[in-house]
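S.K.: Heads up, the sequence shown is in my numbering, so the first residue is 8 and it goes up one at a time.
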Amino acid sequence: SAFNVTTNTDVNGYGVRLVKAYPKLTKLAVPSNTLVNGSMVLYRFSVTAPAEGDVSLYKFTFSVSSTTVGTTTNFYVDRYSDATFQVQAYGNNPLNARQVDIVGEDSLNGIASTSATEREVEVYFDPQTKDATNPNAEAIQVPAGLTRYFQLRGTVASSVAGDSILVSLLGDAAYFDRTSVRFLEAASTTVDAQKTNNDFITR
8 SAFNVTTNTD VNGYGVRLVK AYPKLTKLAV PSNTLVNGSM VLYRFSVTAP
58 AEGDVSLYKF TFSVSSTTVG TTTNFYVDRY SDATFQVQAY GNNPLNARQV
108 DIVGEDSLNG IASTSATERE VEVYFDPQTK DATNPNAEAI QVPAGLTRYF
158 QLRGTVASSV AGDSILVSLL GDAAYFDRTS VRFLEAASTT VDAQKTNNDF
208 ITR
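1) In this structure, what does DSSP give as the bridge partners for residue 2?
2) Within 10 angstroms of its Cβ, does residue 187 collect 16 or more other Cβ (buried), or is it exposed?
3) Throw me the rounded Cβ distance for the residue 42 and residue 163 pair, which I believe falls under 8 angstroms.
4) Cβ atoms of residue 62 and residue 149: under 8 angstroms apart, would you say?
5) Please report the Cβ distance between residue 96 and residue 155, rounded to the nearest whole angstrom; I am assuming they are in contact, meaning their Cβ atoms lie under 8 angstroms.
6) On a Cα-Cα basis, can you pick out the residue from 65, 30 and 70 that is closest to residue 53?
7) For the beta strand (DSSP E) containing residue 169, list its first residue and its last residue.
8) If I follow the unbroken beta strand (DSSP E) through residue 163, where does it start and stop?
9) Whose C-alpha, out of 146, 50, 132 and 27, is nearest the C-alpha of residue 71?
10) Where does residue 182 land, buried or exposed, given buried means 16+ other C-beta within 10 angstroms?
11) Hey, could you find the ends of the beta strand (DSSP E) residue 148 is sitting in?
12) Enumerate in chain order the residues of its own chain whose CB-to-CB distance from residue 100 is below 7 angstroms, with the five nearest sequence positions on each side excluded.
13) With burial defined as no fewer than 16 other Cβ atoms inside 10 Å of the residue's Cβ, what is the status of residue 205: buried or exposed?
14) Buried or exposed: where does residue 158 fall if 16 or more other Cβ atoms within 10 Å of its Cβ makes it buried?
15) Is residue 210 helix, strand or coil by DSSP?
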């Protein structure tokens, strides 16, 4: 590959992507599969960083849907450093999640869902301003070789026998769009603002 030094216009680059480390995600069993009204653990998973380096987490997105009258609101994410979900990680739990309209997604300014049956729940981890002196301020760290454990909780209401709530952790179909080498170093908020391929963001 070569850079065209005759122009100062940003263009799409198609090259090899190099990463120092990437996370391994594992879906875990929830405490109960029986739907009841009240606060419930809806999803559990772990994130493991490879021995080669730390992994930074900026954003997760969940799809929450129901074909029944049961509804879910008031989403929170708890974060732990042990597989028994007892030892808190990253300070006190919980972390408030944003609930946004799955159709009119506004990922940076979460709005209440207008759909009773389908919605996206977006979770941001300490999204602060990133700068040269605080390069990891906008994300939380999973140290190299270690695992962190997460659970999504929600308040279930109006459920009756036979109701069900379906929850999944969303991924992206492609890498985020980029128009220059500098864009790869942009803050996660820049990637998120594209609203395309922005469901799962790491640093």
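Note that the Cβ used here is the ideal one computed from N, Cα and C, for glycine as well.
M.R.: Looking at the coordinates:
1) Here the chain covers residues 8 to 210 and nothing more, so residue 2 does not appear.
2) Residue placement at residue 187 is flagged as unreliable, the pLDDT there being 43, under the threshold of 50; a coordinate-derived value is accordingly withheld.
3) 6 angstroms
4) yes
5) 6 angstroms
6) 30
7) Run containing residue 169: none; DSSP gives neither H nor E here.
8) 154 to 164
9) 50
10) exposed
11) 147 to 149
12) 85 and 86
13) buried
14) buried
15) coil
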